[in-house]
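Residue numbers (the numbering used here): -4 to 150.
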């Protein structure tokens, strides 16, 4: 009997994340289970664990994806103009888009809190990604003489 070809790893991972997001949004983090995900994806639990060793890893991947999309949207709204105007648009866009996302998807607030407790390094990496672009704006403003920033000593 011929075996069916396995899906490429990236495609399977994306499928798992798609299914996981549906489960997450439908029932919250606590009700999302690895067993239910493997059943919906029609893969064995062991195969699911090859992609994501724990449920929190799936939540982290989903949150990272959403953060990347949010950062891209904020970047788009603050890409051009003088640094002072870019900074203002960046801050407003980040606040408005984050608020709108969490208002539409409140379960991600729970996921972010859990990530902060269980995986603080990963949570900080998510925050750092957005701050990199903020640093670019501030550096441009300093280069133009618009911002006078001084190095803040490490605590």
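The beta carbon of each residue, even a glycine, is placed where N, CA and C say it ideally should be. All values reported here derive from a predicted model rather than from experimental measurement.
Classification of residue i by the beta-carbon crowding that lies within 10 angstroms, buried from 16 upward
| i | result |
| --- | --- |
| residue 58 | buried |
| residue -2 | Low per-residue confidence applies at residue -2: pLDDT is 46, beneath 50, and the placement is therefore not dependable, though the value from the model is reported in the following sentence. Under this definition residue -2 is an exposed residue. |
| residue 143 | exposed |
| residue 89 | buried |
| residue 78 | buried |
| residue 11 | buried |
Element boundaries [alpha helix (DSSP H), containing residue i]
| i | result |
| --- | --- |
| residue 11 | 4 to 26 |
| residue 76 | First-last for residue 76: undefined, no H or E at that position. |
| residue 138 | 115 to 138 |
| residue 39 | No alpha helix (DSSP H) contains residue 39, which DSSP labels as neither H nor E. |
Beta-carbon separation (whole angstroms), residue i vs residue j, contact threshold 8 Å
| i | j | result |
| --- | --- | --- |
| residue 109 | residue 54 | 7 Å |
Exercise. Whole alpha helix (DSSP H) runs in the stretch 78 to 113 with 4 or more residues, listed along the chain?
Worked result: 78 to 99 and 102 to 113
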